[in-house]
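Down below is the structure, laid out as structure tokens.
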Ligand code: ADP
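In my numbering, the protein residues as written are 817 to 1260.
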């Protein structure tokens, strides 16, 4: 109210002063009253003009982008301009801070490993992060303000979005059918929706593998158990001669051996999966390990094959003795089991140009057709199931070798052709293979 009174008094002062001055001049012409009126009027017009001019200055500034300073006047207009500018600047600052907060918030959502999409009440895309865009095959910029159901045609998604029951996530195939998505819709605000998506392809695959594995193990165990149960029943029901009894017992023994081998391999796999990587600084005498593995294979062969060992005298490898021995033995046992009598098997240590090494098992067996090669290391994958079982195979040998190789930073390499035998290589990286130091060789 202060400025109003001051401004009114100032205007009155100006009008009265100008009127009085005009009246003084009017006295000379005996026209004091009209002169005073004209003077007053003139003063009012001048005041209005001056106000309009200063108001126009402020108006022009407000109409512009307000990048320059507001007009700096004294008095009422000066204060009005100053206060307007201050209010605008603090509003701009608040908007800028809000925008920064919003963009930080959006960056945080953008960094989420899950998809986030915001839909308005008409199911139009307000915003989505790049993960959601990838999940639903959208373009985060181009598709903004588009109705999501026009762009995402997956019937299960559309039905879920429009279905109204949003308390549970739904699972369905991604747009190209290559991924599996889990999508949760959460209503918020007035009819708006938050769509959260997660790529669960890997999880589903692992779950399917686990189911397959359990089914396979159950099947592998059920078969010998059924056979055993049959023999037990036979022995309980029928009066057997001593020869028959001995034969049944031998067959029962075969089945229990098979189950034992299976459980043994399962435990080995479980141990490989659950324990830390073997140390890279525990050096083993390669020749000693290879000789041991060859002796085991010779025992299994019982003289039916020639088993030759080449190289490895000057070599050492770093890792777990039991794991590496089990891997080499598995390769040699396979060679013995699948190579017909009279065949030749070679166990070789080879240095690689990169400083790594290969433990190679070559046989003159039947070989393996090309289409089976990529799947041989899968658990329970067999080319010829009956041959594998007849020779005491569990279907887990090469899976164990692959695990051991990977745990030592290496890999398994298989080359084979039907009729031309097979070569299985356990490849070790340079970090885990070295030539025996001379002083150690002498000491040994
Ligand atoms: P299994 O216990 O059945 O031998 P593996 O995992 O050791 O299981 O081997 C998987 C399959 O690979 C075998 O069933 C067999 O068909 C094939 N295979 C492995 N080694 C040889 C080999 N030396 N010669 C021919 N086939 C082989």
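Even for Gly, the Cβ is constructed at its ideal location relative to N, Cα and C. Note that the structure is a prediction, hence the values are computed from the model and not measured.
Straight-line gap, residue i to residue j (C-alpha atoms, nearest Å)
| i | j | result |
| --- | --- | --- |
| residue 828 | residue 918 | 53 Å |
| residue 1028 | residue 1037 | 14 Å |
| residue 1251 | residue 1131 | 5 Å |
| residue 899 | residue 852 | 38 Å |
| residue 1106 | residue 1144 | 8 Å |
| residue 1248 | residue 1239 | 22 Å |
| residue 1031 | residue 1078 | 14 Å |
| residue 969 | residue 993 | 12 Å |
| residue 1259 | residue 1253 | Residue placement at residue 1259 is poorly supported in this model, since its pLDDT is 46, which falls under 50; the coordinates are not used for a value here. |
| residue 910 | residue 920 | 15 Å |
| residue 1098 | residue 1206 | 38 Å |
| residue 923 | residue 957 | 15 Å |
| residue 928 | residue 1012 | 11 Å |
| residue 913 | residue 906 | 10 Å |
| residue 1022 | residue 1016 | 10 Å |
| residue 1117 | residue 1179 | 13 Å |
| residue 1115 | residue 986 | 57 Å |
| residue 971 | residue 1019 | 23 Å |
| residue 1150 | residue 967 | 55 Å |
| residue 1111 | residue 1100 | 18 Å |
| residue 1069 | residue 1123 | 29 Å |
| residue 963 | residue 904 | 36 Å |
| residue 1055 | residue 1040 | 23 Å |
| residue 880 | residue 916 | 25 Å |
| residue 850 | residue 841 | 11 Å |
| residue 1187 | residue 1198 | 12 Å |
| residue 1211 | residue 1204 | 7 Å |
| residue 822 | residue 884 | 29 Å |
| residue 955 | residue 940 | 13 Å |
| residue 1221 | residue 1113 | 20 Å |
| residue 1176 | residue 1241 | 4 Å |
Residue i versus the options, residue with shortest Cα-Cα distance
| i | options | result |
| --- | --- | --- |
| residue 1005 | 1115, 1207, 938 | 938 |
| residue 1148 | 1008, 1163, 1139, 1130 | 1163 |
| residue 862 | 847, 843, 835 | 835 |
| residue 981 | 824, 1146, 831, 1001 | 1001 |
| residue 1010 | 943, 962, 995 | 943 |
| residue 856 | 895, 842, 830 | 830 |
| residue 1209 | 1126, 1141, 1156, 1075 | 1075 |
| residue 1201 | 1178, 1226, 1153 | 1153 |
| residue 824 | 844, 840, 846, 864 | 864 |
| residue 961 | 916, 978, 936, 948 | 936 |
| residue 1086 | 984, 1241, 1195 | 1195 |
| residue 854 | 838, 845, 844 | 838 |
| residue 950 | 1040, 821, 991, 847 | 991 |
Assumed close pair residue i, residue j - CB separation to whole angstroms, cut-off 8 Å
| i | j | result |
| --- | --- | --- |
| residue 866 | residue 889 | 10 Å between Cβ atoms; not a contact. |
| residue 1217 | residue 1229 | Contact flag wrong, Cβ pair sits at about 11 Å. |
| residue 1050 | residue 1033 | Actually they are not in contact, since the Cβ atoms of residue 1050 and residue 1033 sit about 27 Å apart, beyond 8 Å. |
| residue 1014 | residue 998 | 5 Å |
| residue 814 | residue 1181 | No answer is possible for residue 814: it lies beyond the span of the chain, which begins at 817 and ends at 1260. |
| residue 1025 | residue 934 | Contact doesn't hold; Cβ gap of about 36 Å is too wide. |
| residue 1127 | residue 1165 | 4 Å |
Spatial neighbours of residue i in its chain, beta-carbon cut-off 6 Å, leaving aside the 5 residues before and after
| i | result |
| --- | --- |
| residue 1170 | 1246 |
| residue 886 | 877, 897, 901 |
| residue 1193 | 1214, 1215, 1218 |
| residue 1142 | none |
| residue 948 | 931, 932, 933, 1013 |
| residue 1071 | 1040, 1043, 1044 |
Distance cut-off 7 Å: residue i Cβ against heavy atoms of ligand 1
| i | result |
| --- | --- |
| residue 1072 | no |
| residue 1181 | yes |
| residue 1263 | The structure shown has nothing for residue 1263, since the chain only spans 817 to 1260. |
| residue 1004 | no |
| residue 941 | no |
| residue 1220 | no |
| residue 1033 | no |
| residue 931 | no |
| residue 1210 | yes |
| residue 1108 | no |
| residue 1184 | yes |
| residue 1150 | yes |
Any non-hydrogen atom of ligand 2 within 7 Å of residue i CB
| i | result |
| --- | --- |
| residue 1238 | Summarising the ligand content, the structure contains ligand 1 and does not contain ligand 2. |
Same chain, Cβ closer than 7 Å to residue i, five either side skipped, listed in chain order
| i | result |
| --- | --- |
| residue 1167 | 1173 |
| residue 926 | 945, 946 |
| residue 1094 | 1135, 1136, 1139, 1223, 1224 |
| residue 1119 | none |
| residue 1067 | 1047 |
| residue 1129 | 1103 |
| residue 1096 | 1134, 1247, 1248 |
Close beta carbons around residue i, own chain, < 8 Å, minus the five adjacent residues each side
| i | result |
| --- | --- |
| residue 1183 | 1232, 1233, 1234, 1235, 1236, 1237, 1238 |
| residue 893 | 867, 870, 871, 873, 874, 887 |
| residue 819 | 892, 895 |
| residue 1257 | For residue 1257, the predicted structure reports a pLDDT of 49, less than 50, and the residue's modelled location is therefore unreliable. A value from the coordinates is still provided. Here the set comprises 1130. |
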